[in-house]
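Colleague:
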DNA sequence: CATTTATTGGCACCGTCTGCCATTAAGCGC
DNA sequence: GCGCTTAATGGCAGACGGTGCCAATAAATG
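Residue numbers (full-length UniProt numbering), protein chains in the order written: chain Y, 1 to 221; chain B, 1 to 221.
1. Looking only at its own chain, which residues have a Cβ that is under 6 Å from the Cβ of residue 183(Y), when we skip the five neighbours before and after it?
2. Along the UniProt domain "HTH tetR-type" (22 to 82) of chain B, where does the CB come closer than 8 Å to a CB of chain Y? Name the residues.
3. Output needed for residue 173(B): all residues of its chain with C-beta closer than 8 Å, excluding positions within five of it in sequence on either side, in chain order.
4. Taking the Cβ atom as the reference point for each residue, do residue 45(B) and residue 71(B) lie within a distance shorter than 9 Å?
5. For the region 131 to 145 of chain Y and the region 129 to 146 of chain B, state whether three or more C-beta atom pairs, one from each stretch, are separated by less than 8 Å.
6. With 9 Å as the threshold, decide whether the Cβ of residue 117(B) is near any Cβ in chain Y.
7. Within its chain, find whatever has a CB closer than 6 Å to the CB of residue 163(Y); leave out the 5 residues flanking it on each side and keep chain order.
8. Would you please state the rounded distance, in angstroms, between the beta carbons of residue 49(Y) and residue 37(Y)? I believe it to be under 8 Å.
9. Would a C-beta distance cut-off of 9 Å place residue 118(Y) and residue 170(Y) closer than the cut-off?
10. Quick one: what's got a C-beta closer than 7 Å to residue 142(B)'s C-beta in the same chain, skipping five residues either side?
11. Which term fits residue 180(Y), buried or exposed, when burial requires 16 or more other beta carbons within 10 angstroms of its beta carbon?
12. Check whether the region 102 to 120 of chain B touches the region 54 to 62 of chain B, taking contact to mean three or more Cβ pairs, one atom from each stretch, closer than 8 Å.
13. Give me, in chain order, the residues of the same chain whose beta-carbon lies closer than 7 Å to that of residue 57(B); leave out the 5 immediate sequence neighbours on both sides.
14. Give every residue of the same chain whose Cβ lies closer than 6 Å to the Cβ of residue 139(Y), excluding the five residues on either side of it in the sequence, and list them in chain order.
15. For a test of the three-state rule: what should DSSP assign to residue 55(B), helix, strand or coil?
16. Taking CB distances under 9 Å as the criterion, tell me whether residue 127(B) reaches chain Y.
17. Between the C-alpha atoms of residue 89(Y) and residue 177(Y), what's the straight-line distance to the nearest angstrom?
18. Beta carbons nearer than 8 Å to chain B: which residues of the region 131 to 148 of chain Y have them?
19. Given 8 Å as the limit, tell me if residue 164(B) has its C-beta closer than that to any heavy atom belonging to the ligand COA.
20. Grab me the residues of residue 185(B)'s own chain with a C-beta within less than 6 Å of its C-beta, minus the 5 sequence neighbours each way, in chain order.
21. Smallest Cα separation from residue 68(B): which of 187(B), 189(B), 103(B) and 137(B)?
22. Could you confirm whether any beta carbon from chain B is found closer than 9 Å to the beta carbon of residue 194(Y)?
23. Between the region 158 to 177 of chain Y and chain B, which residues of the former have a C-beta closer than 9 Å to a C-beta of the latter?
24. DSSP three-state call for residue 144(B): helix, strand or coil?
25. By the 9 Å beta-carbon criterion, what residues does the region 198 to 209 of chain B contribute toward chain Y?
26. DSSP on residue 15(Y), reduced to helix/strand/coil?
27. Helix, strand or coil: which one does DSSP assign to residue 76(B)?
28. Can you have a look at residue 20(B) and say buried or exposed, based on whether 16 or more other CB atoms are within 10 angstroms of its CB?
29. Work out the CA separation of residue 74(B) and residue 116(B) for me, nearest whole Å.
30. If we count the other Cβ atoms within 10 Å of its Cβ and call it buried at 16 or more, is residue 218(Y) buried or exposed?
31. Report yes or no: is there a C-beta of chain B within less than 9 Å of the C-beta of residue 180(Y)?
32. Looking only at C-alpha atoms, which of 35(Y), 92(Y), 199(Y) and 39(Y) sits nearest to residue 53(Y)?
33. Any idea if residue 16(B) is buried or exposed, counting beta-carbon neighbours within 10 angstroms, 16 or more meaning buried?
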């Protein structure tokens with residue numbers, strides 16, 4: 001009825017800004033991931049994480065509904081960066097080529113420590129099934145972005161079966177490549193490891209278009 | 001040193017057979033899924049499931065490490081059946097055609113109640129993130145089987161990047177199709193719904209081979 | 001029946017996570 | 001500065017998830 005932000009004398013303490021909230025979560029997240037990597041998820045209690053970050057256990061649980069969701073802010077940060085790159089994918093370019101161009105800036109945008117932490121999380125998801133769920137949730141968000149972009153480029157509705165399948169397939173490609181790199185970076189991340197990721201993705205994308213057996217292609221004809 | 005099974009007078013009560021163990025788990029699983037569907041996962045306590053199945057809470061927890069893993073036996077049963085079909089895929093046939101032939105027997109092998117229960121679980125995984133992890137775990141096992149079969153047919157090592165990517169992509173296809181059917185079967189499963197699944201898979205497989213934008217195909221040339 | 005081993009159930013206990021309330025912090029007008 | 005209002009925090013009790021331990025029972029052998 002009345003205007004948007006008017007009619008609001010706003011008395012009392014204002015809520016903290018959204019960015020600040022994110023920063024708090026991110027801080028908790030970094031401590032949590034460090035502890036997870038050092039001693040495992042099961043052996044790390046919520047109390048411990050809270051203490052490491054200097055807040056009470058109660059407020060820790062207010063920030064994260066489950067212990068595993070601690071990894072989310074860190075992962076989200078990287079995935080969002082990647083999504084931004086995908087969204088900026090120009091029509092006239094191959095995805096591979098676009099990634100080749102945009103990949104390095106993506107790496108520069110994040111601190112080395114965060115990159116290391118993210119890869120540590122990905123590695124942890126191999127054995128710690130509790131983290132797998134969180135990991136796959138944020139991957140799913142990325143898949144939706146991918147589907148949006150694909151749909152727009154193909155001129156199809158977002159939920160067309162072809163679009164969803166393609167998005168799922170490409171998402172799978174990214175997953176395979178990322179897992180490989182995370183494993184490769186088990187002991188120390190170098191610039192080469194990360195550049196390798198780009199080429200892994202390229203390889204994997206090629207693998208996708210090869211279509212070993214799923215259809216009667218030129219190979220089988 | 002000594003022979004395999006000899007030298008074992010085997011005194012005392014013998015361990016229960018593996019099949020019997022599986023049957024017990026399956027029984028628990030059915031009760032659990034029913035309760036999950038009726039009142040949600042969070043609102044269903046381990047004690048409740050145990051009581052429904054007529055065992056103590058303690059032995060319930062001995063059968064399942066986490067509450068969510070209750071769904072595993074049911075899902076595994078279906079996935080194993082599907083894997084068997086994939087393994088039997090003859091070289092000279094298209095996958096789609098093979099599935100068309102083998103699909104009905106697959107349905108006949110399971111009770112209607114179990115099929116309904118499985119679809120209910122898949123539907124639940126949409127909203128209950130706790131179940132998502134369990135669901136994705138058994139899907140991953142299926143992906144490995146797929147990779148094996150693909151590797152053998154293509155004459156490549158099991159962990160070749162192309163193989164893994166293809167397996168992941170096909171697995172994604174199955175996931176998309178299955179989710180669609182589970183949604184469609186929200187109110188009552190009919191034979192048509194299930195036959196529809198086969199066609200969904202076929203559609204999705206076609207979608208996979210279309211390759212909207214991932215490479216310079218005839219469309220982009 | 002006595003013996004041996006596997007399963008079961010009961011109990012105590014730690015960690016996860018929530019609801020509730022008192023306390024503190026951050027803004028406002030005065 | 002002082003109230004006043006609202007948001008964030010911390011502390012506490014408690015339900016639920018899940019494990020270790022031990023006693024009781026079940027199923028085999030002789």
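Positions of the beta carbon are idealized from the N, C-alpha and C atoms, including for glycine.
Model, not experiment: these values are computed from the prediction.
Modeller: Short version:
1. Walking along the first chain from the start, residue 183(Y) turns up at place 183. Taken in chain order, the list of residues that qualify is empty.
2. Of all residues in the UniProt domain "HTH tetR-type" (22 to 82) of chain B, none is placed with a Cβ closer than 8 Å to any Cβ belonging to chain Y.
3. In the second chain, the residue the question calls residue 173(B) occupies position 173. If we look at residue 173(B) and ignore the five residues flanking it on each side, its Cβ neighbours are 201, 204, 205, 207 and 208.
4. For the purposes of this step, residue 45(B) is taken as the residue at position 45 of the second chain. For the purposes of this step, residue 71(B) is taken as the residue at position 71 of the second chain. Contact annotation: residue 45(B) and residue 71(B) have beta-carbon atoms that are not nearer than 9 Å.
5. Verdict: yes, contact present.
6. Taking the first residue of the second chain as 1, we reach residue 117(B) at position 117. With 9 Å as the cut-off, residue 117(B) does not count as an interface residue toward chain Y.
7. What you label residue 163(Y) is simply residue 163 of the first chain in a count that begins at 1. Only 147, 150, 151 and 156 meet the Cβ criterion.
8. As a working mapping, residue 49(Y) is identified with position 49 in the first chain. As a working mapping, residue 37(Y) is identified with position 37 in the first chain. With a Cβ gap of about 13 Å, residue 49(Y) and residue 37(Y) do not count as contacting.
9. Locating residue 118(Y) in the first chain gives position 118, where the first residue counts as 1. Locating residue 170(Y) in the first chain gives position 170, where the first residue counts as 1. Their beta carbons are not under 9 Å apart, which means residue 118(Y) does not touch residue 170(Y) by this criterion.
10. Start at 1 with the first residue of the second chain, and residue 142(B) comes out as number 142. Only 79, 82, 83 and 171 meet the Cβ criterion.
11. Here residue 180(Y) is taken as the residue at index 180 of the first chain, counted from 1. Residue 180(Y) comes out buried.
12. Segment contact: the region 102 to 120 of chain B against the region 54 to 62 of chain B, fewer than three CB-CB distances shorter than 8 Å; contact not assigned.
13. Against the second chain, residue 57(B) aligns to sequence position 57. Excluding positions up to five away in sequence, the list reads 46, 47 and 50.
14. Here residue 139(Y) corresponds to residue number 139 of the first chain, with the count starting at 1. Closer than 6 Å at the Cβ level, and outside the excluded window around residue 139(Y), lies no residue.
15. Position 55 of the second chain, counting from 1, holds the residue named residue 55(B). Here residue 55(B) sits in coil by DSSP.
16. As a working mapping, residue 127(B) is identified with position 127 in the second chain. Not one chain Y Cβ lies under 9 Å of residue 127(B).
17. Numbered from its first residue, the first chain carries residue 89(Y) at position 89. Numbered from its first residue, the first chain carries residue 177(Y) at position 177. Inter-residue distance for residue 89(Y) and residue 177(Y) is about 19 Å (C-alpha atoms, whole angstroms).
18. Flagged, chain order: 132, 133, 136 and 137.
19. The model depicted lacks the ligand COA and carries no ligand whatsoever.
20. The residue labelled residue 185(B) in the question sits at position 185 within the second chain. Apart from the 5 residues on each side of it in sequence, residue 185(B) sits with its Cβ closer than 6 Å to the Cβ of 119 and 193 in its chain, given in chain order.
21. For this step, residue 68(B) is matched to residue 68 along the second chain. The shortest Cα separation from residue 68(B) among 187(B), 189(B), 103(B) and 137(B) belongs to 137(B).
22. As a working mapping, residue 194(Y) is identified with position 194 in the first chain. So no, residue 194(Y) is outside the interface.
23. Cβ contacts with chain B: 160, 161, 162, 163, 164, 165, 166, 167, 168, 169, 170, 171, 172, 173, 175, 176 and 177.
24. Here residue 144(B) refers to the residue found at position 144 of the second chain. Note: residue 144(B) maps to helix in three-state DSSP.
25. Answer set for the region 198 to 209 of chain B: 200, 203, 204, 205, 206, 207, 208 and 209.
26. The residue labelled residue 15(Y) in the question sits at position 15 within the first chain. In this structure, residue 15(Y) counts as coil in the three-state DSSP scheme.
27. To locate residue 76(B), count along the second chain from 1; it is residue 76. Here residue 76(B) sits in helix by DSSP.
28. Position 20 of the second chain, counted from the first residue, corresponds to residue 20(B). Counting every other CB atom within 10 Å of its CB across the protein chains shown gives residue 20(B) a total below 16, marking it as exposed.
29. Position 116 of the second chain, counted from the first residue, corresponds to residue 116(B). Position 74 of the second chain, counted from the first residue, corresponds to residue 74(B). Those two C-alpha atoms are separated by around 11 Å.
30. Looking up residue 218(Y) in the first chain gives position 218. Model confidence at residue 218(Y) stands at a pLDDT of 41, short of 50, so the residue's coordinates are unreliable; what they give is reported in the following sentence. In the assembly as shown, residue 218(Y) is an exposed residue. Its beta-carbon has fewer than 16 other beta-carbons within 10 Å.
31. As a working mapping, residue 180(Y) is identified with position 180 in the first chain. Closer than 9 Å: yes.
32. In the first chain, residue 53(Y) corresponds to position 53, counting from 1. Nearest C-alpha to residue 53(Y): 35(Y).
33. For the purposes of this step, residue 16(B) is taken as the residue at position 16 of the second chain. Under this definition residue 16(B) is an exposed residue.
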